[in-house]
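Note that this note's numbering has the sequence shown beginning at 78, numbered continuously upward. The C-beta atom is built at its ideal place from N, Cα and C for all residues, glycine as well. Here the structure comes first, spelled out in structure tokens, and everything after it is commentary.
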Amino acid sequence: QVRVVESGGGLVQPGGSLRLSCVASGLTFSQYTMGWYRQAPGKERELVAVISSGLGSENYADSVKGRFTISRDNAKNTVYLQMNSLKPEDTAVYYCKADFQRAPLEYWGQGTQVAVSS
């Protein structure tokens, strides 16, 4: 059974930092592209950052470039999102997704809430 579980969300002041973690089990983690997405109230879910399987190539939404960093540890089946210089507009539920590189197969986590407010 595949499980994708996010953690690390919380309330932080503007300018602060958080590190999100996502553990994926029940799959061959190294064969999955891993991504972080977010959904703010009343808005559609959007891509934040993605890291590929294999070479680990990274891509970011323009709104987070230079502030967020995605990384993965295949030995721990974990992907991270380091978020620095947080802004109120970063407030959202953050979701982790695992995309199988060889077929249209994906798994989502349940999300973790991030709130940026003074």
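Counted within 10 angstroms of its Cβ, other Cβ atoms place residue i as buried (16 or more) or exposed
i            : result
glutamate 83 : buried
leucine 158  : buried
Residue i versus residue j: straight-line alpha-carbon distance, rounded
i                 : j              : result
phenylalanine 177 : glutamine 108  : 6 angstroms
serine 130        : arginine 96    : 21 angstroms
serine 134        : isoleucine 128 : 5 angstroms
serine 94         : arginine 179   : 35 angstroms
asparagine 136    : lysine 120     : 21 angstroms
alanine 175       : glycine 143    : 23 angstroms
Paired residues, beta bridge with residue i - DSSP
i             : result
threonine 146 : Gln159
glutamate 166 : According to DSSP, glutamate 166 bridges with nothing at all.
lysine 209    : Residue 209 falls outside the range modelled here, since the chain spans only 78 to 195, and no answer is possible.
serine 84     : Ser98
Residue i - DSSP class collapsed to helix/strand/coil
i             : result
alanine 152   : helix
valine 79     : coil
glutamine 190 : strand
Original post:
Which full runs of the beta strand (DSSP E) of 3+ residues lie inside the region 98 to 142, going along the chain?
Top reply: 109 to 116, 123 to 128 and 135 to 137
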